[in-house]
Amino acid sequence: PASPGPPLALPRLLIPNEEACGGPGAPPFLLILVCTAPENLNQRNAIRASWGGLREARGLRVQTLFLLGEPGLWHPTREPHINLVREAAAQGDILQAAFRDSYRNLTLKTLSGLNWANKHCSMARYILKTDDDVFVNVPELVSELIRRGGRWEQWEKGKEPPLREVESGDEDLQEGSILRQPVPLLYLGRVHWRVHPSRTPGNKHQISEEQWPPTWGPFPPYASGTGYVLSASAVQLILKVASRAPPLPLEDVFVGVSARRGGLTPTHCVKLAGATHYPLDRCCYGKFLLTSHKLDPWKMQEAWKLVGSSDRERTAPFCSWLQEVLGILRCRVIAWLH
């Protein structure tokens, strides 16, 4: 059904950072968009000092950017904005849009980021949307996307295709060039099914009957907003559909609704934690999880230390057979309970 109300209008960018995906070398394989609040500097710095500081994983380029709006009205001066401009100039990883930063404006924040990715980072193969209290195991996530992409992703890394797979009529492969197949539609996350809208007044998840009439039933399946991956083609589809529909204040639900209207179904991945927090465990975090929710700055960096060695290209940590079995079992039990 078509939602009532005017269609979504995206705000202009105050800090557009249009060249963030540029530079020498290959374009990003994975672009990570982190939703953050202007005042959450400690969270941003913890991410920069841990998984967000990684520029390459499995031989493929990774780019991490922070999405935010304008500081709230409770700020009596322009100092927070000035601080953000300084931070953006120093770090080069800030995208700021012209809207009041709040939970109910997460849809504007996320769609602004996806629109930026489509315009200024269109060569990125995949986009991960996540939050600033989420730990991301970047190397394992890249490996997961390579596995899901099959041999095409292997070739994107610059490898020559196996000779046995070269057909006589395939001139591109005969010339040894990299075959750039379009990435299939992918919407990957911790999927929620048959969730009904909350009508509780004052609840941050409240959806009015005007926004989602009772006759529409539950929301379509959607991936938790704490961390979901979209292929570049899926981003284009969702933006096209979303531009014709009024926004819902629940960003992850709105992305799911837009995906459904575009004919795209989310793919469930138990390794993406959703809203679940997992206790720190070297084998669970290093061998199983792709994300974990509700980590403060200290835990964010401790989790990163558990995942691998001190070098920039993290590798899965060493776990004995028993440690690995117990760690992964612990992860799976927590995932099943949630």
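Going by the numbering used here, the letters in the sequence shown line up with residues 1 to 338, in that order.
Just so it is clear, CB atoms sit at the ideal spot from N, CA and C, and this is done for glycine as well.
Close Cβ partners of residue i (< 6 Å) along its chain, the five nearest in sequence each way excluded
i, result
"F29", "L60, R61, R125"
"P71", "P38, P80"
"V333", "none"
"V191", "P221, A223, P266, H268"
"T64", "I32, G52"
"A98", "P11, R12, L14"
"V229", "Y126, L128, L188"
"L272", "G189, R190, G227, L290, T291"
8 Å CB neighbourhood of residue i in its chain, flanking five on each side removed
i, result
"C284", "Y278, G327, I328, R330, C331"
"A303", "S50, F135, L280, Y285, S292, L295"
"C319", "R282, C283, G286, K287, G327"
"S208", "R199"
"R261", "V241, A245"
"K109", "C35, L67, L68, G69, A97, F99, D101, E251"
"S122", "A232"
"V138", "L30, I32, W51, L54, A57, V62, R314"
"I94", "I15, N17, L65, F66, L68, L84, E87, A88"
"V142", "F29, L30, A57, R58, L60, V62"
"L114", "L33, I127, K129, L230, V235, I238, L239"
"E144", "C269, K271, L290"
Local conformation of residue i per DSSP, three classes
i, result
"E87", "helix"
"V333", "helix"
"K294", "coil"
"G227", "strand"
"I127", "strand"
"Y285", "helix"
"Q323", "helix"
"A117", "helix"
"E56", "strand"
"L8", "coil"
"S122", "coil"
Beta-bridge pairing of residue i - partner residues as DSSP gives them
i, result
"Y103", "Paired residues: none, contrary to the question."
"H368", "The question about residue 368 has no answer here: the residues shown for the chain are numbered 1 through 338."
"A26", "For A26, which the question treats as bridged, DSSP gives no partner whatsoever."
"T267", "L188"
"I94", "F66"
"S198", "Q206"
Residue i, enclosing beta strand (DSSP E) - first and last residue
i, result
"L60", "60 to 70"
"L33", "30 to 35"
"I207", "Per DSSP, I207 belongs to no beta strand (DSSP E) and is neither H nor E."
"L13", "13 to 15"
Endpoints, the alpha helix (DSSP H) within which residue i is located
i, result
"L240", "One detail in the question is off: residue 240 reads as Lys in this sequence, not Leu. Residues 232 to 242."
"L141", "138 to 149"
"I47", "41 to 48"
"E251", "251 to 261"
Residue burial classification, residue i (beta-carbon count within 10 angstroms, cutoff 16)
i, result
"E18", "exposed"
"P197", "buried"
"S112", "buried"
"Q91", "exposed"
"L322", "exposed"
"P201", "exposed"
"E140", "buried"
"W216", "exposed"
"I47", "buried"
"V325", "exposed"
"P214", "exposed"
Close beta carbons around residue i, own chain, < 7 Å, minus the five adjacent residues each side
i, result
"L264", "L185, Y187, A234, L237"
"R194", "P218"
"N42", "P297"
"L306", "L280, R282, Y285, G286, P317"
Residue i CB to nearest heavy atom of the ligand ZN below 8 Å
i, result
"V257", "The ligand ZN is absent from the structure shown, which contains no ligand whatsoever."
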